[in-house]
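Single-structure report; data block below.
Protein chains: 2
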Amino acid sequence: MTRNASTSPGGANRSRVTISDVASALDLTKSTVSRALNNYADISEATRLRVVRMAERMNYQPLSQAQAIKTGRTRSLGFVLQLGDHDAQRPFLAEFLAGLSEGSTAQGYTLTVASADNDTHLIETFRTLSRDRKADGFVLPRAMIEDPRVKVLRDTGVPFVLYGRQTDPDGCCWFDIRGEDAMRDAVQHLARLGHKRIAFINGGTIYSYAKLRSEGFHAGMADANLPIDPKLISENAVTLENGEQAAGALLDLARPPTAIVCAVDHVALGVYRAAAARELIIGRDISVVGYDGIREGAHAQPPLTTFVVDSRNAGVELATLLIKRIRGEALDTLRKTVPAVFVNRGSTGACPHP
Amino acid sequence: MTRNASTSPGGANRSRVTISDVASALDLTKSTVSRALNNYADISEATRLRVVRMAERMNYQPLSQAQAIKTGRTRSLGFVLQLGDHDAQRPFLAEFLAGLSEGSTAQGYTLTVASADNDTHLIETFRTLSRDRKADGFVLPRAMIEDPRVKVLRDTGVPFVLYGRQTDPDGCCWFDIRGEDAMRDAVQHLARLGHKRIAFINGGTIYSYAKLRSEGFHAGMADANLPIDPKLISENAVTLENGEQAAGALLDLARPPTAIVCAVDHVALGVYRAAAARELIIGRDISVVGYDGIREGAHAQPPLTTFVVDSRNAGVELATLLIKRIRGEALDTLRKTVPAVFVNRGSTGACPHP
DNA sequence: GCTATTGCCGAAACCGGTTTCGGAATTCAA
DNA sequence: TTGAATTCCGAAACCGGTTTCGGCAATAGC
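As given, the protein sequences belong to chains A and B, one line each in that order. Heads up: the first sequence is residues 5 to 358, going by this note's numbering. Heads up: the second sequence is residues 5 to 358, going by this note's numbering.
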């Protein structure tokens with residue numbers, strides 16, 4: 005109850021050069037130095053340069069906490085882990101976080117990570133984090149078609165960027181990988197190999213990527229002049245088990261597909277299982293193509309033909325976009341998509357029934 | 005060049021209740037409120053309670069940045085991703101981070117994640133992060149036998165906790181899972197099944213866990229009165245490929261082992277590969293036990309007998325310890341180890357040559 | 001009953017920045 | 001040459017806290 009102040013001087017006044025140090029070194033006041041460093045118009049170019057040079061020379065870094073209490077911004081990006089999420093995405097997460105922090109630090113920002121176990125807690129976390137100025141903005145992984153996070157943040161005016169796209173672009177900016185193009189290319193690849201009965205196992209229906217990939221699959225089928233058999237369309241599969249089950253159903257049809265396009269690699273690996281159980285050889289009896297580029301795919305037998313996405317890079321891009329957004333750049337310049345890269349390995353082959 | 009101040013009022017004065025609000029609501033000065041909330045001795049118990057209650061009622065939260073500029077502490081824990089690390093640990097990382105942020109937020113702390121691509125950059129990151137008060141302390145994953153991070157942080161007096169142990173406990177506190185006990189138990193388990201020629205494939209030699217697990221293996225062999233055959237000891241294997249190679253060498257010996265203890269699950273899966281290549285059935289011709297509890301192990305054929313570690317919980321524990329450490333609790337009360345839990349699945353069986 | 005403590009709180013300085021305001025020096029217009 | 005408009009910087013207030021210092025009232029000591 006009598007635990008007074010700090011027990012140790014611990015790291016407090018460890019020789020930070022302050023704005024006053026810079027000011028007195030130049031025989032100016034700290035207000036002038038501050039304005040010079042923040043590009044105020046009422047500072048002459050000459051002294052602005054003097055100040056900037058001296059700050060550089062003295063290795064002066066403004067203490068972001070001190071700035072924050074006046075400006076409200078603390079140069080940090082927020083990311084909230086959603087604990088309830090299925091673990092299938094966990095491997096990406098590490099890469100993704102690495103990219104985020106890399107992109108942040110590159111611009112002098114820091115990354116604040118919090119966690120929430122459900123949706124209401126999630127929204128609450130956004131609120132407290134920005135109220136307490138622990139984050140100037142947020143990056144939201146896995147855009148959903150109806151995204152509650154977007155609603156809240158858009159209304160409160162807190163900057164955010166999406167990994168994934170949004171139908172209503174109002175207030176949104178994003179980075180995304182064009183999964184729809186990948187799905188279309190997958191169909192094209194299979195059609196060239198002579199496949200006609202091509203099945204599609206889509207991912208989680210609540211996510212916007214699923215909608216896009218479905219569109220891509222349909223576009224590819226249309227391009228190849230192939231009819232869509234509704235029996236060959238499955239959805240909402242994200243795990244290996246989901247994939248095994250969906251593929252089992254497909255393979256047990258009276259007229260089974262000769263190729264299966266999966267929106268998610270883990271699902272493709274489930275197809276491997278279902279095929280093995282039916283003594284079908286992947287790449288000969290049945291062709292499979294995935295999407296994501298997980299490591300296990302490369303090590304599977306045969307190695308999985310897929311589209312690899314660079315999660316690390318996505319993190320870097322999103323951090324960069326968010327910082328621009330926080331600095332007030334125009335929204336419509338802050339939307340970017342890139343293609344996934346096709347990796348043709350061993351899980352596809354010529355159609356067995358030409 | 006004329007980019008003045010903030011483009012938007014964005015989130016600055018969004019209705020925060022300040023210490024002055026609380027003070028005037030009670031007709032006190034903010035200095036009194038501050039001291040009351042920080043348990044200063046010169047505040048009467050009566051007013052202390054009044055203040056605490058009112059603060060509670062008004063939902064007052066001190067702005068950590070404002071506190072930081074005076075106290076030097078900002079209620080945030082630091083974690084630095086080491087990018088160069090082999091990816092084998094990536095799956096844990098996500099769980100681990102989830103635990104860290106969970107443990108942090110539970111105590112009103114926040115988690116700051118940065119990244120570094122090499123050792124010098126890593127040390128530099130520690131420095132800037134604590135200099136700029138982005139972190140009050142650090143959690144260091146994967147303790148090494150000679151750990152440069154420990155050296156630096158110990159010398160500079162920055163609080164830190166280790167995931168893993170240290171021979172020289174000076175200035176260190178940690179949380180760890182007793183891998184040595186697991187290795188000993190693994191040997192015991194195999195010995196009971198009649199195995200005598202038991203091999204050991206250890207993990208990365210620079211890490212302290214490897215030393216401990218080796219000791220545990222030796223202890224187990226001693227307990228079972230089994231001799232150590234140096235030919236059956238392999239080390240520095242962390243990936244599936246490492247494991248495949250090491251196991252291949254073991255299995256090709258004139259007198260191969262009948263069981264293999266692996267310090268790391270990925271390596272155990274490599275043993276599966278090597279066994280399959282030699283048409284040996286896991287659990288019958290050769291027994292394998294792993295350590296870590298990775299998901300792939302549960303799905304392997306046969307499911308891998310292993311010791312599962314709860315990375316999430318480790319994160320929670322470490323965050324808790326670090327916060328205590330920052331608050332100045334005695335070091336020797338801040339060291340904790342727990343056992344891994346044995347999961348007996350299908351990869352071990354009776355010795356084929358009794 | 002008077003002084004010396006002690007308990008308790010207010011006043012004010014401070015932390016490291018930002019921002020408003022005002023005024024001196026210079027330039028411009030007449 | 002003078003008045004007005006600019007240019008540029010210092011002074012001071014402020015942000016939301018913490019901490020030092022000093023003083024008043026109540027208690028204790030004699």
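Even for Gly, the Cβ is constructed at its ideal location relative to N, Cα and C.
In this structure, the CA atom of I237 of chain A is about 15 Å from the CA atom of E248 of chain A. Secondary structure remark: continuous beta strand (DSSP E) runs of at least 3 residues inside the region 98 to 179 of chain B, in chain order: 114 to 120, 141 to 144 and 164 to 167. In this structure, the beta-carbon distance from A27 of chain A to K34 of chain A falls below 8 Å. For a Cβ distance threshold of 8 Å, residue set L85, V117, A118 and S119 of chain B lies close to S105 of chain A, ordered along the chain. Here the C-alpha atom of K328 of chain B lies approximately 27 Å from the C-alpha atom of R54 of chain B. A228 of chain B and K155 of chain B have their C-alpha atoms spaced approximately 39 Å apart. In this structure, L81 of chain A and L101 of chain B do not form a Cβ contact; the two beta carbons are roughly 15 Å apart against a cut-off of 8 Å. Under the DSSP assignment, T75 of chain B falls outside any beta strand (DSSP E), being part of the alpha helix (DSSP H) whose first and last residues are S68 to T75. Taking all protein chains shown into account, N63 of chain A has fewer than 16 neighbouring C-beta atoms within 10 Å of its C-beta and is therefore exposed.
In the DSSP assignment, S315 of chain A falls within the alpha helix (DSSP H) that extends over S315 to I330. Contact with chain B is absent for T51 of chain A, since none of that chain's Cβ atoms lies less than 8 Å from the residue's Cβ. Around the beta-carbon of A279 of chain A, 16 or more other beta-carbon atoms lie within 10 Å, marking it buried. Annotation: R259 of chain B is outside any alpha helix (DSSP H) and is labelled neither H nor E by DSSP.
Each residue's CA atom was taken as its position, placing R131 of chain B and T114 of chain A some 14 Å apart. By the neighbour-count criterion, in which 16 or more other beta carbons inside 10 Å mark a residue as buried, G112 of chain A falls on the exposed side.
By the CB criterion at 8 Å, L157 of chain A and L322 of chain A fall outside the cutoff.
For A147 of chain B, no CB of chain A lies under 8 Å from its own CB, so it is not counted at the interface with that chain. Among the residues facing chain A, Q192 of chain B is not included, as its CB has no counterpart in that chain under 8 Å away. Proximity of the region 207 to 214 of chain B to the region 259 to 277 of chain B meets the contact definition, three or more beta-carbon pairs being nearer than 8 Å. Around L326 of chain A, the same chain offers L81, G141, F142, V143, P163, F164 and V165 as residues with beta carbons nearer than 8 Å, after the five sequence neighbours per side are excluded.
Looking from the CA of A98 of chain A, the closest CA among A:N43, A:V117 and A:T124 belongs to A:V117.
At a cut-off of 8 Å between C-beta atoms, L101 of chain A counts as an interface residue with respect to chain B.
Between A98 of chain B and chain A, the shortest Cβ-Cβ separation is below 8 Å.
Of all alpha-carbon atoms in B:P231, B:G220 and B:L273, the one lying nearest the alpha-carbon of V242 of chain B is that of B:L273. Against chain B, the CB of P306 of chain A has no partner CB under 8 Å away; the residue lies outside that interface. The beta carbon of A223 of chain B is closer than 6 Å to those of R188 in its chain, skipping five residues each way along the sequence. N240 of chain B sits away from T262 of chain B, with the two beta carbons spaced by 8 Å or more. Against K138 of chain B, the close residues of chain A are T114, in the order they occur along the chain (beta-carbon pairs closer than 7 Å).
Within the same chain, and ignoring the five residues on either side of G183 of chain A in sequence, the residues whose Cβ sits closer than 6 Å to its Cβ are Y213, L216 and R217. Contact between G252 of chain A and S351 of chain A does not hold, since the beta-carbon distance rounds to 17 Å and is not under 8 Å.
By the Cβ-count criterion, P260 of chain B is buried, with 16 or more other Cβ atoms from all chains shown falling within 10 Å of its own Cβ. For the region 36 to 69 of chain A, the beta-carbon criterion of a distance under 8 Å to any beta-carbon of chain B is satisfied by N42, N43, Y44, A45, Q65, L67, S68 and Q69. Under the Cβ distance rule, A72 of chain A counts among the residues neighbouring chain B, one pair being separated by less than 8 Å.
Taking C-beta atoms as the reference points, I202 of chain B and L230 of chain B count as a pair closer than 8 Å.
Listed along the chain, the chain B residues whose CB falls inside 8 Å of the CB of T109 of chain A are A118, S119 and T129. DSSP lists A:W178 as the beta-bridge partner residues of R339 of chain A.
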